[in-house]
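Numbering (my numbering), first residue to last: 137 to 640.
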């Protein structure tokens with residue numbers, strides 16, 4: 137007989153171990169090393185809870201296991217009582233333990249005298265690979281606790297559902313995907329993962345795991361800083377678009393610094409330019425950069441949008457996770473010597489902001505020769521969605537889209553600075569090329585924070601002081617984005633003749 141497991145792990149810890157075994161180890165042995173979830177991640181959790189509560193309404197008469205988070209022993213006992221009570225059609229947060237694993241099931245629906253239907257609710261639009269481990273471990277524990285399952289299912293949001301504007305139609309909002317067949321084929325892999333995790337937890341030290349994409353996906357790891365300390369700018373991992381295989385080859389040669397990469401080592405053109413810039417400590421500008429900028433036509437507008445994309449649609453015509461644009465900023469210059477003019481829009485109530493957003497934007501950029509954005513796909517995508525919602529403006533929007541000019545790929549193809557550290561995000565590029573500008577110290581510092589600030593501003597309608605502070609922070613942030621693009625363009629227009637070899 138195998139030894140009983142020394143550690144009891146929850147479903148959430150099991151899934152953490154799927155993401156990264158070191159994350160699981162630290163959650164169990166060194167939980168205080170983990171950082172508190174940031175505001176954005178907390179909002180994602182709250183959104184998931186809201187979706188979960190809505191899904192329960194599909195099962196009238198269902199009973200929640202009270203206090204399931206506080207006293208697990210009581211929760212297991214209460215679950216057994218509810219299972220035995222044939223008048224209970226469904227159980228929410230049903231709690232089971234078997235083999236050292238404890239799970240709490242979102243919805244357990246009674247099918248007949250002996251069989252049950254397990255349903256896990258996710259605030260996603262489809263099935264993700266890691267969901268199989270999540271649902272699979274629940275199915276395993278519940279079945280081995282003595283319940284006969286008729287099916288094991290994932291409940292997710294229907295991406296094709298269109299909100300009609302009155303109340304949510306829950307039967308159309310949600311889709312139920314039967315995973316029973318997939319999980320039957322998945323059992324060997326699931327068992328192997330569980331045994332591996334229990335073995336890791338018995339170790340005296342955490343497993344050695346190389347940092348990678350698992351540090352941020354499928355969720356940001358709370359121990360990120362433990363595995364990803366600050367590194368110097370010459371680290372090979374900071375070469376732009378370098379993959380794990382190339383990093384592995386360099387480390388096998390004992391190379392950690394860009395300075396030590398042999399000249400004949402195969403790198404992309406972009407990586408070669410970055411290496412040259414880092415090794416010389418100088419910014420690189422392409423020789424024909426200024427000529428390429430001649431395509432820009434005045435009046436030039438610098439444009440930026442802020443949006444939210446809630447799981448649950450709020451306005452008529454929207455689907456789950458559809459973008460809702462709530463703010464724009466435009467800096468406009470009529471000619472090279474003309475003063476810069478600024479206009480902006482910020483929705484400040486709970487009504488649908490899309491039409492006022494669009495109409496005010498069209499007035500602001502009317503007659504523009506070039507509209508500069510940073511990452512054109514985003515702004516153009518939002519414009520296309522607005523054209524679909526308001527077809528009477530479709531021709532005007534299509535005309536605007538032909539005038540969009542993306543500063544991001546232009547910078548990527550024509551500029552590199554050692555401080556970029558492999559990233560071409562506006563937050564990284566701006567302070568490197570325009571040292572007197574950065575986002576440090578701003579109350580709102582990125583798009584995710586902007587969405588959270590806007591939601592908070594709408595919630596606190598009666599708190600005038602707080603609302604005004606949030607409103608100012610949002611306006612400052614969006615204006616910073618468009619003014620930053622103008623300042624960057626000025627730097628590029630004055631760029632020196634490249635001091636590095638044009639072959640780099």
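For every residue, glycine included, the Cβ atom is placed at its ideal position computed from N, Cα and C.
Cβ neighbour criterion (16 or more within 10 Å) applied to residue i
i, result
"residue 593", "buried"
"residue 344", "exposed"
"residue 550", "buried"
"residue 481", "buried"
"residue 641", "Not covered by the structure: residue 641. The range shown for the chain is 137 to 640."
"residue 137", "Bear in mind that the predicted position of residue 137 carries a pLDDT of just 42, short of 50, making it unreliable; the figure below should be weighed with that in mind. Its Cβ having fewer than 16 others within 10 Å, residue 137 is exposed."
"residue 346", "exposed"
"residue 578", "exposed"
"residue 617", "buried"
"residue 321", "exposed"
"residue 513", "exposed"
"residue 211", "buried"
"residue 474", "exposed"
"residue 342", "buried"
"residue 443", "buried"
"residue 399", "exposed"
"residue 534", "exposed"
"residue 193", "exposed"
CB contact flag (residue i, residue j, <9 Å)
i, j, result
"residue 271", "residue 260", "no"
"residue 468", "residue 446", "no"
"residue 237", "residue 386", "no"
"residue 488", "residue 452", "yes"
"residue 547", "residue 622", "no"
"residue 377", "residue 393", "no"
"residue 543", "residue 575", "no"
"residue 294", "residue 309", "yes"
"residue 156", "residue 350", "yes"
"residue 284", "residue 251", "yes"
"residue 266", "residue 290", "no"
"residue 628", "residue 541", "no"
"residue 589", "residue 566", "no"
"residue 306", "residue 190", "yes"
"residue 214", "residue 333", "no"
"residue 239", "residue 187", "no"
For residue i, the nearest candidate out of the options (CA to CA)
i, options, result
"residue 325", "556, 307, 169, 276", "276"
"residue 448", "182, 350, 235", "182"
"residue 313", "210, 421, 253", "253"
"residue 170", "357, 486, 317", "357"
"residue 249", "318, 256, 226", "226"
"residue 419", "427, 409, 428, 426", "409"
"residue 337", "405, 537, 630, 166", "166"
"residue 624", "457, 532, 561", "561"
"residue 423", "319, 630, 535", "630"
"residue 282", "400, 145, 528, 234", "234"
"residue 486", "340, 202, 596, 298", "596"
"residue 490", "382, 454, 538, 149", "454"
"residue 626", "583, 425, 527", "425"
"residue 300", "456, 404, 390, 286", "456"
Paired residues, beta bridge with residue i - DSSP
i, result
"residue 289", "255, 314"
"residue 165", "Looking at the DSSP assignment, residue 165 forms no beta bridge with any residue, so it has no partner."
"residue 394", "Paired residue(s): none; residue 394 is not in a bridge."
"residue 231", "240"
"residue 443", "461"
"residue 245", "226, 253"
"residue 552", "420"
"residue 371", "393"
"residue 437", "468, 507"
"residue 478", "467"
"residue 344", "According to DSSP, residue 344 bridges with nothing at all."
"residue 284", "251"
"residue 542", "509"
"residue 200", "228"
Would you call the segment 499-511 in contact with the segment 427-441, where contact means no fewer than 3 C-beta pairs closer than 8 Å?
yes
Quick test of the definition: if touching needs 3 or more C-beta pairs under 8 Å, does the segment 192-210 touch the segment 236-246?
yes
Touch test, the segment 356-374 against the segment 162-169, Cβ-Cβ under 8 Å, three pairs minimum:
yes
Using 8 Å as the cut-off, can you tell me whether the segment 554-573 makes contact with the segment 400-420, which would need three or more C-beta pairs spanning the two stretches below that distance?
The segment 554-573, when compared against the segment 400-420, does touch it at the 8 Å Cβ threshold.
Whether or not the segment 560-571 and the segment 606-613 are in contact is what I'm after, with contact meaning three or more pairs of Cβ atoms, one per stretch, closer than 8 Å; do they touch?
no
Is the segment 490-498 touching the segment 458-468 in the sense that three or more CB pairs, one from each, lie closer than 8 Å?
yes
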